[in-house]
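Okay, so the sequence shown: first residue is 19 according to our numbering, each after it adds one.
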Amino acid sequence: MNIRPLNPNDVDAASRLCMAAFMDSVASTLTGEGVATFRKLAAAEAFASRISEDNLMWLAEVSGQPAGLIELKQGRHIAMLFISPELQRRGIGRRLLAEAIKHARSDMLTVNASLPSVPAYLGYGFHCSGEVSESMGIIHQPMELWLDRVATGD
């Protein structure tokens, strides 16, 4: 597995990967509004825009093909973490999270986890930090990870 920064040539593949993972595990838990909101966030143009902002993104590749993506916003918030459906539960998410932690600019990372992803984030060491809420049709569980309590060995 190779993990590298996302570059502008990757945005179409990143969009397809995130949409496939979203449609596989999250879309059925949301209303049409939530799916439409996510489509906008995961569009190739949206990735291209965020690359030029204060967001860091890494792409995991397996056999030269996109396998996962993580986006770190402002050095402290996981904005996206998606793994190709057929490659989940193989340590790709953990490796991507370890890469993001190396670039954290805070003692704590936060995420607004989709409800189906809460067990994965609990497995990564995150804890629920508030009530389940909804924004623009997307239902999420606020979670946090204190970095002084994390062992990030490969």
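Here a beta-carbon is modelled for each residue, glycine too, at the ideal position from N, C-alpha and C.
If we ignore side chains and look at the alpha-carbon of each, how far apart do W164 and R22 end up?
24 Å
Extent of the continuous beta strand (DSSP E) to which P23 belongs
N20 to P23
Using a Cβ-Cβ cutoff of less than 6 Å, which residues in the same chain neighbour A60 once the five nearest sequence positions on both sides are dropped?
S33, C36 and M37
Please classify A85 as buried or exposed, where buried requires at least 16 other C-beta atoms within 10 Å of its C-beta.
buried
In this structure, how does DSSP classify F144 when only helix, strand and coil are distinguished?
coil
Strand pairing of Q159, partner residues [DSSP]
A131
Would DSSP call P26 helix, strand or coil?
helix
Span of the beta strand (DSSP E) holding E104?
Careful: E104 lies outside any beta strand (DSSP E) and carries neither H nor E.
Taking 7 Å as the cut-off, is the beta-carbon of F65 closer than that to any non-hydrogen atom of the ligand NAP?
No copy of the ligand NAP appears in this structure; indeed no ligand is present at all.
Measure the Cβ-Cβ separation of R94 and A54 and say whether it is below 8 Å.
no
Buried or exposed by the 16-neighbour rule on C-beta atoms within 10 Å, applied to G148
exposed
Rounded Cβ spacing between V129 and M154 (contact assumed at less than 8 Å):
At roughly 17 Å, the Cβ-Cβ gap does not stay under 8 Å, so V129 and M154 are not in contact.
What do you reckon, are the CB atoms on N74 and L87 nearer than 8 Å?
Looking at the sequence shown, residue 74 is not Asn but Leu. No; because the gap between Cβ atoms is not below 8 Å, this pair is not in contact.
Taking the C-alpha atoms as reference points, what is the distance between D125 and L90?
14 Å
If I measure Cβ to Cβ from F40 and keep anything under 6 Å in the same chain, skipping five residues before and after, which residues do I get?
F56
Please determine, among T49, L115 and L24, the residue with the shortest C-alpha to C-alpha distance to L140.
L115
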